[in-house]
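A.B. asks: Sharing a structure with you now.
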Amino acid sequence: MVIEMDKRLLSMALALTIAGLVSGSVQASAWQKDPDSMVSPEKVVTSTLLPAPDVTLGDQDTTIAGFADAIVGADDTTSDLADPPSSGTTFWVDNTPLDGDCPQATFVLIQDAVNASGPNDTIKVCPGTYTEQVQIVGHTHDGLRLESLTPLAAIIKWPAVDTPPTEHVLVHITDADRVSIRGFTLTGPFNSGSCSADRHEGVRFENAFDGRVTHNHITLIRDAVPSNWGCQQGDAVAIGQRLVTEPPPFGLPGSARVDHNVIDRYQKNGVQVVNPGSFADVRNNTITYVEAETSLILFRAAPNGVVVFREAAATVEQNVIRGNHWTVPLSTGVILDEAPPGSSNVNHNQVFDNDFGIETDTQMGLEISHNSVFDHLGDGITLCGDTLSGCGPATQIIVRKNDITNNAGSGILLFGAESNLLKSNHIANNGTPTGDTTDGIRVDATSTNNQVLDNHMTQNVVHDCHDDSAGGGSGGTANTWTGDQGDTQNREGLCKFATTTP
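For the sequence shown, the residue numbers in this note's numbering are 1075 to 1576.
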């Protein structure tokens, strides 16, 4: 059942995209939802019109658009939060005890040291390759610190066969709070045999809160057999237990800070956050999918950098996210859907060279600000509230001070989105000269009551400023355009100094 579901999802996405390209009904970069991150059908409803966010938001922000002087990626040292002092016992692990480099070690296996540990203990792992899956289970391990003695020199490698056979996670934290994983190389590949309902994942927090994953290299969290790359699994870091069926019911929640990691060569998602009560602080990571290694498999899983949905919340900040591509444009750098209103933000990231940049749908009260979004095959930032596309209402979202350049789709696309604020973005050199399908800011006919303020647009194709809606707003649209600058527009009254070319 799981195998057929996974393959059916991928076949549907590929068939829809290819059909659109062949018929000419959509552009090559036209956005659609990843079937693996669909929202529950009961949420795909027409929105109730709400007031747009306060237009004065950001007035005191004098920094330039984009991530400006913020330090992004895993190499940052300025925001590296120190672990609290340890108050417990320190255990040592060395799987080569005869070489004399860790004479204090009393354990050969990491799991044995975990089993012996108690609250607030520390386990230091000496250099070596540890071919084992590690399970940290129960509140007797609250506050446990699992550390590589030498950064990245202790390697936790997936065994050839899941051990035990029902365990599908390399490092699994369950019912244990404040657990930290620091300085390891965590590596696959795994050998699933087929698609599994319980996804294979690198690190998972499940009913475990306030954890931390920091300064690790998490790599090759994918199947050892390329023919299984189409299975919807292989998330490098997972916050919350994801059930195979759409909720309700939901899986168990979790929370963790995921910071200063290099995450690459995964099968599905770099970081995935799911379920009510789950929260992830995802910051200063370098997250990279390597398409060149997987493109031989047409029906592989469509990868994404960071995915937050099923009512989870997250801060996604100061990351470098790149390389997420599928057979045709479907993958996205950051997806954030269904978070509680006002709970989440995506800011100061460098998101580039994916199929699409940043996407949100079925979402109220999110801030997307100070990101540098460039070199995508599709749109830079997408807000979708269009029910025909599987989106619930996208409303009261703030898109502010982003630098959006050189994307083959539109810089910002509003697709059935209502009552949002687009303010002070720099948008240049986006679009594809094939039909009137891309623009700097493109607002479709069903997007209404949006405030489009003080954006600077130039050299976008087809228009810098484009609004297909109709109503009592600017230029006869259903939206308010104020203080925007552009060279071209599709109707009068949108942008200052713009030439109108319908």
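Cβ atoms here follow ideal geometry from the backbone N, Cα and C, with glycine treated the same way.
Going by beta-carbon coordinates alone, are serine 1160 and threonine 1196 separated by less than 7 Å?
C.D. replies: Cβ distance < 7 Å, so serine 1160 and threonine 1196 count as in contact.
A.B. asks: By Cβ distance below 6 Å, which residues in the same chain neighbour glutamine 1533 in space, the five residues on each side in sequence not counted?
C.D. replies: Closer than 6 Å at the Cβ level, and outside the excluded window around glutamine 1533, lie Ala1502, Asn1503.
A.B. asks: Since isoleucine 1354 sits in a beta bridge, which residues does DSSP pair it with?
C.D. replies: A small fix is needed here, since residue 1354 is alanine in this sequence, not isoleucine. Ala1330, Ala1388, per the DSSP bridge assignment.
A.B. asks: On the three-state DSSP scale, how would you describe serine 1463?
C.D. replies: Residue state, collapsed to three classes: helix.
A.B. asks: From arginine 1286 to glycine 1547, what does the alpha carbon distance come to, in whole angstroms?
C.D. replies: Cα-Cα distance, rounded: 48 Å.
A.B. asks: Mind checking which residues open and close the beta strand (DSSP E) that includes methionine 1343?
C.D. replies: The displayed chain sequence assigns asparagine, not methionine, to residue 1343. Asparagine 1343 -> beta strand (DSSP E) spans 1343-1348.
A.B. asks: Compute the beta-carbon to beta-carbon distance between isoleucine 1472 and proline 1127, rounded to the nearest angstrom, for a pair I have assumed lies under 8 Å.
C.D. replies: Going by Cβ atoms, the distance from isoleucine 1472 to proline 1127 rounds to 5 Å, so yes, they are a contact pair.
A.B. asks: Taking leucine 1260 as the reference, give the member of His1289, Asp1143, Asp1251 with the closest Cα.
C.D. replies: Taking only the C-alpha atoms, the option nearest leucine 1260 is His1289.
A.B. asks: Leaving out the 5 sequence neighbours to the left and right, which residues in its chain are closer than 6 Å to isoleucine 1229 when beta-carbon positions are compared?
C.D. replies: Closer than 6 Å at the Cβ level, and outside the excluded window around isoleucine 1229, lie Thr1203, Thr1259.
A.B. asks: If the criterion is Cβ atoms closer than 7 Å, does the pair phenylalanine 1279 and isoleucine 1313 meet it?
C.D. replies: In contact: phenylalanine 1279 and isoleucine 1313 (Cβ atoms closer than 7 Å).
A.B. asks: If proline 1233 and threonine 1205 are in contact, beta carbons under 8 Å, what's the gap, nearest whole angstrom?
C.D. replies: The pair is a contact, with the Cβ atoms about 5 Å apart (cut-off 8 Å).
A.B. asks: Alpha carbon to alpha carbon, how far is aspartate 1510 from asparagine 1481?
C.D. replies: Cα to Cα, aspartate 1510 sits roughly 15 Å from asparagine 1481.
A.B. asks: What number of angstroms, rounded off, separates the C-alpha of glycine 1212 from the C-alpha of threonine 1248?
C.D. replies: The alpha-carbon atoms of glycine 1212 and threonine 1248 are separated by roughly 6 Å.
A.B. asks: Does DSSP classify leucine 1220 as helix, strand or coil?
C.D. replies: Strand at leucine 1220.
A.B. asks: For the beta strand (DSSP E) that aspartate 1477 lies in, which residues bound it at each end?
C.D. replies: Note, aspartate 1477: beta strand (DSSP E), 1477-1479.
A.B. asks: Since glutamine 1209 is in the beta strand (DSSP E), which residue starts that stretch and which ends it?
C.D. replies: It spans 1208-1211 - the beta strand (DSSP E) in which glutamine 1209 sits, taken as one unbroken run.
A.B. asks: Assign serine 1097 to one of two classes, buried (16 or more other C-beta atoms within 10 Å of its C-beta) or exposed (fewer than that).
C.D. replies: With a pLDDT of 38 at serine 1097, under the threshold of 50, the modelled position of this residue cannot be trusted, and the question is left open.
A.B. asks: Indicate the three-state DSSP secondary structure (helix, strand or coil) for glutamate 1367 in the structure shown.
C.D. replies: In this structure, glutamate 1367 counts as helix in the three-state DSSP scheme.
A.B. asks: Sort out for me which residues DSSP pairs glycine 1285 with in a bridge.
C.D. replies: Beta-bridge pairing links glycine 1285 to Ala1330.
A.B. asks: For the beta strand (DSSP E) containing glutamine 1307, name the first residue and the last one.
C.D. replies: Note, glutamine 1307: premise wrong, no beta strand (DSSP E); not H, not E.
A.B. asks: State yes or no: is the C-beta of lysine 1570 within less than 7 Å of the C-beta of aspartate 1528?
C.D. replies: Result no, Cβ atoms of lysine 1570 and aspartate 1528 do not sit closer than 7 Å.
A.B. asks: In the DSSP assignment, what are the bridge partners of glutamine 1525?
C.D. replies: DSSP lists Leu1495, Thr1554 as partners of glutamine 1525.
A.B. asks: So phenylalanine 1141 packs on histidine 1399, CB below 8 Å; how close in whole Å?
C.D. replies: Contact flag wrong, Cβ pair sits at about 22 Å.
A.B. asks: Alpha carbon to alpha carbon, how far is valine 1311 from histidine 1291?
C.D. replies: The straight-line gap from Cα to Cα measures roughly 11 Å.
A.B. asks: By the 10 Å Cβ neighbour count, where 16 or more other Cβ atoms means buried, how is threonine 1512 classified, buried or exposed?
C.D. replies: With 16 or more other Cβ atoms within 10 Å, it is buried.
A.B. asks: Would you decide whether aspartate 1125 is buried or exposed? Buried here means 16 or more other CB atoms lie within 10 Å of its CB.
C.D. replies: Inspection of the sequence shows that residue 1125 is occupied by proline rather than by aspartate. Proline 1125 is exposed by the Cβ-count criterion.
A.B. asks: Comparing alpha-carbon positions, which option in Lys1475, Asp1449, Thr1574 lies nearest threonine 1421?
C.D. replies: Going by the sequence as given, residue 1421 is asparagine instead of threonine. The candidate whose alpha carbon is nearest that of asparagine 1421 is Lys1475.
A.B. asks: Does DSSP put leucine 1197 in a helix, a strand or coil?
C.D. replies: What sits at residue 1197 in the sequence shown is isoleucine, not leucine. Isoleucine 1197 falls in the strand class under three-state DSSP.
A.B. asks: May I ask you to report which of helix, strand or coil DSSP gives serine 1548?
C.D. replies: It is helical.
A.B. asks: Can you check which of these residues, Val1408, His1274, Val1425, is closest to aspartate 1318 by C-alpha distance?
C.D. replies: Just to set this straight, residue 1318 is valine in the shown sequence, not aspartate. Comparing Cα-Cα distances from valine 1318 to each of Val1408, His1274, Val1425, the minimum goes to His1274.
A.B. asks: Mapping DSSP to helix, strand and coil, what is valine 1535?
C.D. replies: In this structure, valine 1535 counts as coil in the three-state DSSP scheme.
A.B. asks: If I measure Cβ to Cβ from proline 1415 and keep anything under 6 Å in the same chain, skipping five residues before and after, which residues do I get?
C.D. replies: The residues are Met1438, Gly1439.
A.B. asks: If contacts are defined as beta-carbon pairs under 8 Å, then leucine 1457 and alanine 1468 qualify, I think. What distance do you get, rounded to the angstrom?
C.D. replies: Confirmed, about 5 Å.
A.B. asks: For valine 1517, which beta-bridge partners are listed by DSSP?
C.D. replies: According to DSSP, valine 1517 bridges with Leu1488, Asp1541.
A.B. asks: Among the candidates His1334, Glu1365, Ile1138, Val1381, whose CA atom is the shortest distance from the CA of arginine 1374?
C.D. replies: Of His1334, Glu1365, Ile1138, Val1381, the residue nearest in Cα terms is Glu1365.
A.B. asks: With a threshold of 8 Å, are at least 3 pairs of Cβ atoms found where one atom belongs to the stretch 1169-1178 and the other to the stretch 1129-1146?
C.D. replies: With a cut-off of 8 Å, the stretch 1129-1146 and the stretch 1169-1178 do not count as touching, because too few Cβ pairs lie within range.
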